[in-house]
Structure formats: structure tokens, C-alpha cells
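Trainee: Sequential numbering of the sequence shown, starting at 11, is according to the working numbering.
Before I ask anything, let me first share the structure, which is written out below as C-alpha cells.
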Amino acid sequence: MSPDPLTHTPLRPTRSTALAVALLVAAAAVALVALTPLDLTSLGLGSRTETGTVHPGGSAAGSAIPPNLEGAPVTHDARPARTTPTAAPGEGAPAGTSGGGSVLDETDPTVANLDPDLLAALRTAAGAARDDGVELGVNSGWRSAAEQERLLDQAITQYGSEREARRWVATPETSEHVSGDAVDVGPTRAASWLERNGAAYGLCRVYRNEPWHFELRQGAALDGCPRMYADPTQDPRMSR
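Okay, here's the thing in C-alpha cells:
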């Protein structure tokens, strides 16, 4: 009896076909793993160094300087180094800061209450300085006794003793600022100009530790400025 031409016997997969399918599945698995590595940085568990190595905790090996201290002077304990102030409390502005008020400001009591002869000399000198391209300002001029007392108390706190504080700030009874006979000028460039040229206007620097402090000395235009005191404690006027 011959077979029915419409009846088909199911075909079995050949051994070569099965092997090809297995290889295809294995290749797909390898590609999937390669495309999805575990990235610790994306999970916030680490950071990469320049070589790409991840260190748990987020600290890259070899990074020893905190970002906020890079480029800053530091002491051996990595804290910012202290700087030395260039002016005592109330005794002029630190180097490089604003030059203060105008010598022409009649509404400023620290200027208007200066001794008239001192103020006139200061204004004349300021005009000459301006011709040289230097703006001369008043950081501190006349002071009330109460303000002088406040500055002295502040200096005692800062320097730790009245003896040290009085190297920088006089008492209200002895201060040439309270009497209107002294002026602190700024900025630093103006104080330097006045030290070089002030004698021609009767204006002299008085203390070596205060490059901003000037007073009127009659006769300085002819005889030059007197020798400076090391600091106010060496000035006999401070013991009166």
C-alpha cells in the first residue's frame, strides 16, 4: 500500500541546527553582560581615580589636599596661617584698603574738627599728592573722648594687656586725636607719599610702628621732621 501523498512525517532538528542555536544564545548572553557592568559610582558607592580604580567611600587615592585649602598658606596642622594686622584698632586702615574720607568733607566731624592749621596743611598736601596721581584720604582724624576710650578697651582685649595696647592706642587724656592734632591717612600709597613729601607742608610721621599717623610740626619745612618714636609709649606726651 503506498503512502498518502498528503500525509507528512514531522522532521527532527538536525544535530548541527541545535548546536548553532546554542552558540547564538551563548553569544547573546556574553554581549548582555558586557553592555551592563556594575558601576559603583552611579550608585554613589565610590569614585574613580585617574586610572579608573574605584575606592569605596568616595575618596580617590592620592588626594591629600582639601579643596578649600588648595593654594592657601597652611601651617603644619593644615589650618590657614594667621596674618599680622597692619593697623591697630581705630589707627588707620590695613594696607591696600580704601583711603577713607575726603580731606575736603566739611560734613565729616573727624575732618572738620581737626586743628585748623593741621587741616589746612593736610589739604595743601592732598592737592600736591593728587597732582602726582595719589589720592590722600583720612582714615581717622578727630575723635571724641568716648570713642578713644572704646578703642583703648578694644585694643586691651585684642593685645591682652593695657601696657601692650598703649603701644597702639593712647588714653583719651593723652590722645592727639581727641585734641584734633593728629590724622591717620590712607591708603598705604598715600601714607608713603606723605612720609616722603610731608615735611614740606609741616606734616610728619611721628611713630615708627604707625606709618599712617601724622601730626603738624611747625618748622619741618626748614629743619625736617624730628626723629620718630618707636611707638606712643616712648612719647613723653603720653605720660602727661
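All C-beta atoms, glycine included, are put in the ideal place defined by N, C-alpha and C.
(1) So residue 112 and residue 147 are in contact, right, with Cβ under 8 Å, and what is the actual spacing, rounded?
(2) DSSP three-state call for residue 130: helix, strand or coil?
(3) Return the Cβ separation of residue 128 and residue 226 in integer angstroms, given the expectation that the two are a contact with Cβ distance under 8 Å.
(4) With a threshold of 16 other CB atoms inside 10 Å of the CB of residue 172, please say whether the residue is buried or exposed.
(5) Which of the three DSSP states is assigned to residue 207 in this structure?
(6) Express the C-alpha separation of residue 243 and residue 269 in angstroms, rounding to a whole number.
(7) Taking the straight line between their C-alpha atoms, what separation do you get for residue 236 and residue 121?
(8) Spatial neighbours of residue 195 within its chain, please: CB distance less than 7 Å, with the 5 preceding and 5 following residues excluded, ordered by chain position.
(9) Quick one: complete beta strand (DSSP E) runs, 3+ long, within the segment 156-236?
(10) Let me know the secondary structure DSSP gives residue 137 once reduced to three states.
(11) Kindly identify the DSSP beta-bridge partner or partners of residue 111.
(12) Under DSSP, the alpha helix (DSSP H) around residue 119 begins and ends at which residues?
(13) Please say whether residue 241 and residue 217 have beta carbons closer to each other than 7 Å?
(14) On the criterion of 16 or more Cβ atoms from any shown chain inside 10 Å, does residue 197 qualify as buried, or is it exposed?
Mentor: Quick look at the numbers:
(1) About 7 Å separates the Cβ atoms of residue 112 and residue 147, confirming a contact at the 8 Å cut-off.
(2) Assigned with DSSP and collapsed to three states, residue 130 falls in helix.
(3) Indeed, because the Cβ distance is near 4 Å, the residues count as touching under 8 Å.
(4) Around the C-beta of residue 172, fewer than 16 other C-beta atoms lie within 10 Å, and the residue is accordingly described as exposed.
(5) DSSP places residue 207 in helix when its eight states are reduced to three.
(6) There is simply no residue 269 to check, as the chain begins at 11 and stops at 250 in what is shown.
(7) Going from the Cα of residue 236 to the Cα of residue 121 covers about 25 Å.
(8) Around residue 195: 146, 147, 148, 149, 201, 204, 222, 224.
(9) Taking only runs of at least 3 residues, the beta strand (DSSP E) segments lying wholly in the segment 156-236 are 192-196, 213-215, 223-226.
(10) Correct three-state label for residue 137: helix.
(11) Partner(s): 148.
(12) Per DSSP, the unbroken alpha helix (DSSP H) holding residue 119 starts and ends at 119-122.
(13) Contact flag set, yes.
(14) Classified as buried, residue 197 has 16 or more neighbouring CB atoms from the shown chains inside 10 Å of its CB.
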